[in-house]
Structure formats: C-alpha cells, structure tokens
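Take a look at the structure set out below.
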C-alpha cells in the first residue's frame with residue numbers, strides 16, 4: 132500500500148507532535164511505501180517534500196495543488212493533525228480516502244475560526260476516520276462538530292530509549308518538560324516549588340524545553356527573582372533525548388501543570404509516560420490529555436489547573452514518603468508499558484486495511 136503523510140515536521144527531539152509524526156511515519160514505512168509532505172525541513176530525511184506555511188488563501192491553495200500533484204500516486208492519505216493538513220487531504224487528495232489524526236490545539240481551535248472552521252468541518256466529515264490521540268481531544272472535537280467517525284488511538288513510548296538506567300537518584304530533584312509558555316503551566320509549577328523550599332532547602336526544579344523571551348517568560352523570571360528562587364529553578368534548552376533520559380533517571384519526580392487557554396490545550400501527555408517509564412512519579416493536571424497519560428493516584432497525581440497549592444501538596448506527598456514514591460514508580464512503569472508505538476501503528480494499519488478491503 133502507498134501512503135501519503137502530511138505533517139508539520141519530523142524533528143522528533145523537539146516536541147511531542149513531531150515525535151508523534153516521526154514514530155508513526157517511521158514504523159508504517161517498515162511495511163508500506165510512504166511519502167511525507169512537511170512544513171519544515173528535517174536533517175533526518177533530505178527527500179522530504181516541503182510545503183510553505185500558508186500565510187494567506189493563496190498559500191493554502193498552492194499547498195493544496197502540491198498535495199494534489201503527489202496524491203495521484205498514493206492509495207490513501209493520512210493528515211497527522213487537523214489544520215491545515217486535513218484540509219489539504221480533503222481538497223488536494225483527488226477523492227482518495229484519507230484519515231486525520233486529532234491531536235490537540237490545531238485539531239480543535241480552528242473550528243472556532245470562521246473560514247478555517249468551514250474548511251476543517253468539511254474535511255472532518257469526509258475523512259474515513261479521525262483518529263484522536265486522547266479521549267479529551269475526541270470530546271473537544273465533538274463539542275464543536277457532530278461526527279460519528281472518531282476513534283481514540285493513543286500515543287506510545289519508545290521503551291528502548293525511555294527506561295530505568297539504574298542511576299543514583301538525586302534527592303528532591305524535580306523535572307518538567309515543555310516549551311516555556313502559558314499552556315504548559317510553569318507559573319503554577321514554580322509557585323508550587325516556592326511553597327516547598329523551606330521544607331526542602333535543596334529542592335531544585337529543572338525545566339527542559341524551548342525558551343523564547345516573551346511577556347510570559349518575563350513575568351516568570353520576575354517571580355523567580357522576587358522570591359529568591361534562582362538556585363531552585365533551572366532552565367535548559369536544546370537537551371537531546373539521551374540527556375533527557377539521564378535527567379529523568381537522576382530525578383525524584385516529574386512536575387508539569389498544563390493549563391487550557393480556551394481551545395488551546397494539551398492533547399496528550401506523552402512526556403508523563405516517558406518520565407514514568409524512566410522511574411518517576413508524575414504530577415499533571417485534570418481537564419486535558421494528561422488524563423489518558425497519568426493513572427491518577429496510581430503512578431502520580433492529577434490536580435486542578437492553575438492550582439499551585441494542590442500541586443505543592445501532591446509533590447510534598449511524593450517527596451516526603453519514599454514508600455508512596457516507590458509504589459508510584461512501580462505502577463508507573465507498568466502503566467507506561469501498556470503504551471507502545473507498535474500498538475499505535477498496528478491500529479492505524481488496521482484502519483488503512485479496512486479501506487483497501489472495501
């Protein structure tokens with residue numbers, strides 16, 4: 132079977148969405164002939180076809196024509212996110228069957244944006260299936276457009292990469308991973324750390340992710356300085372997967388508090404599963420894709436969004452109770468093992484095959 136994938140990029144060590152695309156494409160390519168059209172070049176594959184990011188209707192049309200050019204050679208198309216890739220598959224796919232991955236923000240927010248909403252709704256209704264990465268994403272789409280073609284297929288963990296290395300753990304070292312922006316909830320996380328530094332003078336929170344100067348990061352830095360937290364908070368960018376695995380294996384807990392910003396939300400908390408696979412108790416938030424990636428009160432805690440006191444209480448329970456932490460570690464590793472990329476792609480291949488048989 133020949134499959135055409137449409138996605139933003141395959142830079143799998145930069146963010147969860149790119150890792151998702153890379154893992155799916157690379158595994159499907161082991162069994163089928165695939166081609167990938169992306170918006171950003173990747174050094175991983177020089178043969179990728181690059182689509183220009185659409186900044187106007189004309190840009191959108193140009194990309195649709197590019198997709199139309201390639202689609203004639205393929206049996207089906209898989210758009211690995213909603214906007215704009217589902218629209219490309221619909222309008223540029225020459226009537227070929229297509230699937231859409233319902234991921235997060237860009238699978239939902241455009242449904243509230245005039246012209247984008249019209250185009251994306253039409254694409255969703257024509258898709259064979261919308262394969263949502265979490266139950267939360269599925270429900271958010273259904274709230275905005277009534278559909279009967281949604282399924283949930285969660286992400287997986289590369290357990291050959293993310294696992295317990297048996298390294299000595301540093302007491303009171305906490306890790307959070309994500310771009311430093313409002314939606315990742317680092318303000319509440321830092322406030323939670325601030326509530327615990329008197330009890331744990333050596334407490335350190337390492338934030339790993341893209342850091343771009345903004346009003347949000349300015350306010351975050353101001354809070355850190357005002358509360359004398361400089362020695363307790365560390366920002367790290369450009370961390371490789373191998374270094375991230377080592378950091379996970381040195382830490383005592385994982386803390387990330389995603390915060391919804393209207394239709395912008397965490398589609399699936401992949402980093403929680405990767406951290407759990409490396410032997411960390413985890414703390415996330417309710418009301419987003421974390422709910423599928425954290426087994427609440429079994430391998431960590433889910434707390435209300437924007438609630439630093441609740442997060443501090445949860446972290447304190449983990450740091451103050453080795454028995455509870457060990458329980459969460461064991462149950463978290465077992466839980467993470469139920470999420471594997473082979474399971475994800477096997478589900479996709481089953482849907483692909485159903486189209487071919489019909």
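Residue numbers (my numbering): 132 to 489. Just so you know, even glycine gets a beta-carbon here, dropped at the ideal spot from N, CA and C. Because the structure is a prediction, the values reported are computed rather than measured.
In this structure, 440 is the residue among 440, 372, 394 with its C-alpha nearest to the C-alpha of residue 414. For residue 256, the three-state secondary structure derived from DSSP is helix. Per DSSP, residue 393 lies in no alpha helix (DSSP H) and is assigned neither H nor E.
In this chain, the alpha helix (DSSP H) harbouring residue 193 covers 188-202. By the Cβ-count criterion, residue 226 is exposed, with fewer than 16 other Cβ atoms from all chains shown falling within 10 Å of its own Cβ. Per DSSP, reduced to three states, the secondary structure at residue 371 is coil, with no helix or strand assignment. If you compare the alpha carbons of 320, 168, 375, 189 with that of residue 407, the shortest gap goes to 375. Counting C-beta atoms within 10 angstroms of its own C-beta, residue 202 has 16 or more neighbours from the protein chains shown and is therefore classed as buried.
Residue environment: residue 183 is assigned as exposed (fewer than 16 neighbouring CB atoms within 10 Å of its CB, all protein chains considered). Taken in chain order, the complete beta strand (DSSP E) segments of 3 or more residues contained in the segment 414-439 are 431-434.
Apart from sequence neighbours up to five positions away, the residues of its chain that approach residue 163 with a beta-carbon distance below 6 Å are 132, 134, ordered along the chain. The criterion of a C-beta distance shorter than 8 Å is satisfied by residue 311 and residue 366. Each of 249, 278, 250 was checked against the Cα of residue 263, and the nearest Cα belongs to 278. Residue 455 counts as exposed, since fewer than 16 other beta carbons sit within 10 angstroms of its beta carbon.
One thing to note: residue 380 has its Cβ no nearer than 8 Å to the Cβ of residue 436. Annotated as distal: residue 266 and residue 284, with beta-carbon spacing of 8 Å or more. Shown here, residue 376 sits in a helix according to DSSP, grouped into three states. Distance from the CA atom of residue 234 to the CA atom of residue 426, rounded to whole angstroms, is 20 Å.
Excluding sequence positions up to five before and after residue 165, its CB lies within less than 8 Å of the CB of 133, 134, 135, 136, 156, 159, all in the same chain and listed in chain order.
When DSSP states are grouped into helix, strand and coil, residue 139 belongs to the coil group. Between residue 410 and residue 431, the CB-CB gap reaches or exceeds 8 Å.
The beta carbon of residue 325 is closer than 7 Å to those of 358, 360 in its chain, skipping five residues each way along the sequence. Residue state for residue 243 is assigned as helix, using DSSP reduced to three classes.
For the pair residue 271 and residue 239, the Cα-to-Cα distance works out to about 7 Å. Pairing residue 149 with residue 323 gives a Cβ-Cβ distance that is not under 8 Å. For residue 341, the three-state secondary structure derived from DSSP is coil. Spanning the alpha carbons of residue 236 and residue 419 requires a straight line of approximately 11 Å. Residue 355 and residue 422 have their C-alpha atoms roughly 29 Å apart.
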